[in-house]
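S.K.: Provided herewith is a single structure, encoded as structure tokens, for subsequent inquiry.
2 protein chains.
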Amino acid sequence: MDTQLKVGDTDEDTLVALLTAHLPPGDSTLVGPGDDAAVVATSDGRFVVTTDVLVEGQHFRRQWSSGADVGVRAGVQNLADVAAMGARPTALVVAVTLPGDLPLEFVTGLADGLAQVCRPLGVGVVGGDLSAGPVVTVAVTAHGDLEGRGPVLRSGARAGDAVAHAGVAGWSAAGLALLTADLAGHDRELVAAYLRPSSPLAAGPAAARGSATSMLDVSDGLVRDARRIATASGVCLELDDPADVFADDLARLAPAATRLSTTATTWVLGGGEDHGLLATFPPGPLPDGFRKVGRVVTGSGVTVAGAPPPPSTAGWDHFSR
Amino acid sequence: MDTQLKVGDTDEDTLVALLTAHLPPGDSTLVGPGDDAAVVATSDGRFVVTTDVLVEGQHFRRQWSSGADVGVRAGVQNLADVAAMGARPTALVVAVTLPGDLPLEFVTGLADGLAQVCRPLGVGVVGGDLSAGPVVTVAVTAHGDLEGRGPVLRSGARAGDAVAHAGVAGWSAAGLALLTADLAGHDRELVAAYLRPSSPLAAGPAAARGSATSMLDVSDGLVRDARRIATASGVCLELDDPADVFADDLARLAPAATRLSTTATTWVLGGGEDHGLLATFPPGPLPDGFRKVGRVVTGSGVTVAGAPPPPSTAGWDHFSR
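Order-wise, the sequence lines are chains A and B. Okay, so the first sequence: first residue is 1 according to my numbering, each after it adds one. Okay, so the second sequence: first residue is 1001 according to my numbering, each after it adds one.
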């Protein structure tokens, strides 16, 4: 198909056919796209479900993000929420709004990005909806299978637990800062971490098998999200000195921080959208992929050794910025 | 809360708390809103899932539709897709974009509208996401439980089956036509059928129990949707003369049609968004709520006795209008 074509040059059925051809059917799909609804298998009489929307101008800009970038990001951020419950992702549906002047290339890229995230995991894209709209919005709803395990909630942390983290910290915020300063060429890997985040999805079910007492997807910043576990569990999360426990991230981010006259610690503690997993575990060995970053004590809130904690408003809020 | 407040005067956490307070927890909900994802029970190792988005300026206008109207419509159109698979609706999630100048009253109305649809059915609103955006968009993903039955697809119609319809036909299109002509006062009930459609949701599982061979939600127009069954099943759907089988709808719509110098038959055959159910059944008695409107024969496409069929483009397409 001619990639110079715009969305407004075609019709809904053509677009749906174009997208469906790019999307993986999934290992748990009993009835895929094309009917009024899909049917998905679940192994234990329960399913996990979460939804997140990406909005052009709020979460991404088309001059920075390709369709594939947006597809990857929409997929990852939703599958990370499924993984953060300790579930194995199985299926997603996607509702998209598209301006009429959007190149079709962006739309096929979007499908390819979702497919890149989903196909290796056996996750099916089992349904969707398309509408015209003034900006691109991508609302993904993702589903998972707990495989007989209990869900890992935010509310289960107990004094004496270890606090542990899987994934990178601060990379996405650093990448966004570089893009914003028109310095993308300074560090393409960090920019890619913002445009196409990579979440340690397998660590979610591993944490559940490893007796995690609480867990969440770090989407709004480490301290802000740690505070959510603290509040839900009625405990205090004492984070160790980032200079020790996030030494690798800090070293990786240092040149960009220097270039932008900020500190890497700000990104590690306050940056959002890396989609790492923050979890608490009873004393003992941690599952693969997790590093110990602190401990749970009685009390409330979050403390950070060796650094003043960011203000409670640090992190992302799409209405109060 | 002061209802003169705008979305931009508050923050995401406050909005989420405001919405969650209005929404029903649901009978099948194991873990509700507030964690990374929800957990929903399913009785038979499968779940049904569908998604649909409503976009301001495309599907509704704020000068016509209150927040509650949009909430009802978003709920009904998604639950109708679940019902059209023969499933009992159990849970939905909703991803919303909101302009900063939107009155908070619209947002609480939206939640109330969803609740009005969901609460009587025991359907939970188990999760959501909010973002700022240039227009209001409401992407709902709905889920259902097949209760051990096979899903009723579009592809199962067989020659010899009866074609049957549940719900009203043409009312929504008539209501939209009245609104567009600034004649809402002419017939408030028809306008309400557009703003807050009512779908015969219980007829979906009833049809499945009654051995329906195919079924879909009539969202894009009776003929257009009948053609989808015909195509998926490789058969022809012969619809009886609307003057006979839709006599009640035609009589109800006649005054509005006269007022607008059109024919009620146009609305009955081509009007979308009534969210009735069109199904096919083996010979025999029909389940409660269904009326016989035609038969399945060998061949392809759709015929309508006593009326020229609308062109194949009749009905809704959000990109080609």
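Glycine is no exception: its CB is placed at the ideal position from the N, C-alpha and C atoms. Note that the coordinates shown come from a computational prediction; the quantities given were computed from them, not determined experimentally.
If we ignore side chains and look at the alpha-carbon of each, how far apart do Ala80/A and Ser214/A end up?
M.R.: Rounded to whole angstroms, Ala80/A to Ser214/A spans 15 Å at the Cα level.
S.K.: Taking 9 Å as the CB-CB cut-off, is Val235/A touching chain B?
M.R.: Answer no: the Cβ-Cβ gap between Val235/A and chain B never drops below 9 Å.
S.K.: Considering only residues of the stretch 34-77 of chain A, which uninterrupted beta strand (DSSP E) runs meet the minimum length of 3 residues and lie entirely inside it, listed in chain order?
M.R.: Here the runs fully enclosed are 38-41 and 46-55.
S.K.: Since I believe His1143/B is in contact with Val1293/B (beta carbons under 8 Å), could you give me their beta-carbon distance rounded to a whole number of angstroms?
M.R.: In fact, because the Cβ distance is near 29 Å, the residues do not count as touching under 8 Å.
S.K.: Would DSSP call Gly158/A helix, strand or coil?
M.R.: Here residue 158/A is Arg; the residue named in the question, Gly, does not match the sequence. Here Arg158/A sits in coil by DSSP.
S.K.: Output yes if chain B places a C-beta closer than 9 Å to the C-beta of Val304/A; else output no.
M.R.: False, the Cβ-Cβ gap to chain B never drops below 9 Å.
S.K.: Along the chain, where does the alpha helix (DSSP H) that runs through Glu147/A open and close?
M.R.: Neither: Glu147/A is in no alpha helix (DSSP H) and is coded neither H nor E.
S.K.: Is any beta-carbon of chain B found at less than 9 Å from that of Phe47/A?
M.R.: True, the Cβ-Cβ gap to chain B drops below 9 Å.
S.K.: Below 9 Å between beta carbons: does that hold for Leu110/A and Val70/A?
M.R.: Yes, the Cβ-Cβ distance between Leu110/A and Val70/A is below 9 Å.
S.K.: According to DSSP, is Glu1273/B helix, strand or coil?
M.R.: Coil, per DSSP.
S.K.: So Arg154/A contacts chain B; which residues on that side make the cut at Cβ distance below 9 Å?
M.R.: Simply Gly1034, Asp1035 and Asp1036.
S.K.: Give the DSSP-derived three-state secondary structure of Asp241/A in the structure shown.
M.R.: Looking at Asp241/A - three-state DSSP - the assignment turns out to be coil, as it is neither helix nor strand.
S.K.: Residues in its own chain within less than 6 Å of Ala1131/B by CB, not counting five upstream and five downstream?
M.R.: What sits at residue 1131/B in the sequence shown is Ser, not Ala. Answer for Ser1131/B: Thr1097, listed in chain order.
S.K.: Could you check which residue in Asp1161/B, Val1152/B, Ala1257/B and Gly1210/B has the C-alpha nearest to that of Leu1183/B?
M.R.: For Leu1183/B, the nearest C-alpha among the options comes from Ala1257/B.
S.K.: Considering Cα atoms alone, identify which of Gly1032/B, Pro1205/B, Gly1150/B and Pro1103/B is closest to Arg1063/B.
M.R.: Rather than Arg, the amino acid found at residue 1063/B in this sequence is Gln. Per the Cα distances, Pro1103/B.
S.K.: Helix, strand or coil for Leu1176/B? Go by DSSP, reduced to three states.
M.R.: Of the three classes helix, strand and coil, the one that applies to Leu1176/B here is helix, per DSSP.
S.K.: Between Pro1197/B and His1275/B, is the Cβ-Cβ spacing less than 9 Å?
M.R.: Yes, the Cβ-Cβ distance between Pro1197/B and His1275/B is below 9 Å.
S.K.: Nearest CA to the CA of Val1016/B: which residue from Pro1200/B, Arg1259/B, Ala1159/B and Ala1095/B?
M.R.: It is Ala1095/B whose Cα lies nearest to the Cα of Val1016/B.
S.K.: How about Thr1298/B and Ala1162/B: are their beta carbons less than 9 Å apart?
M.R.: No, Cβ-Cβ distance for Thr1298/B and Ala1162/B is not below 9 Å.
S.K.: Just the chain B side, please: which residues come within less than 8 Å of Gln4/A by C-beta, in chain order?
M.R.: Result: empty, since nearest Cβ-Cβ is about 17 Å, beyond 8 Å.
S.K.: Does Ser1325/B get closer than 9 Å to chain A when you measure Cβ to Cβ?
M.R.: No information on residue 1325/B is available, as it lies outside the stretch 1001 to 1321 that chain B covers here.
S.K.: Please confirm if Leu1121/B has its CB atom under 9 Å from at least one CB of chain A.
M.R.: Taking Cβ atoms only, chain A never reaches closer than 9 Å to Leu1121/B, which makes this a no.
S.K.: Since His1275/B meets chain A, which of its residues come closer than 8 Å, beta carbon to beta carbon?
M.R.: Here the premise fails: no neighbours, minimum Cβ distance about 11 Å.
S.K.: Is the beta carbon of Gly45/A closer than 9 Å to that of Ala38/A?
M.R.: No, the pair does not count as a contact, with Cβ atoms beyond the cut-off.
S.K.: Buried or exposed: where does Glu1189/B fall if 16 or more other Cβ atoms within 10 Å of its Cβ makes it buried?
M.R.: Its Cβ having fewer than 16 others within 10 Å, Glu1189/B is exposed.
S.K.: Identify, in the order they occur along the chain, each residue of the same chain with its Cβ nearer than 6 Å to the Cβ of Gly127/A, setting aside the five sequence neighbours on each side.
M.R.: Counting only Cβ-Cβ distances below 6 Å, and skipping sequence neighbours, we find Pro33, Ala38 and Val93.
S.K.: Check this for me: beta carbons of Ala208/A and Ala166/A, under 9 Å apart or not?
M.R.: No. Outside cutoff.
S.K.: Compute the beta-carbon to beta-carbon distance between Asp1129/B and Val125/A, rounded to the nearest angstrom, for a pair I have assumed lies under 8 Å.
M.R.: At roughly 18 Å, the Cβ-Cβ gap does not stay under 8 Å, so Asp1129/B and Val125/A are not in contact.
S.K.: Going residue by residue through the stretch 1166-1226 of chain B, where are the continuous beta strand (DSSP E) segments of at least 3 residues, counting only ones entirely within it?
M.R.: For the stretch 1166-1226 of chain B, whole beta strand (DSSP E) runs of length 3 or above, ordered along the chain, are 1214-1218.
S.K.: Is it buried or exposed, Arg88/A, if we count other Cβ atoms within 10 angstroms and call 16 or more buried?
M.R.: Classification for Arg88/A: buried.
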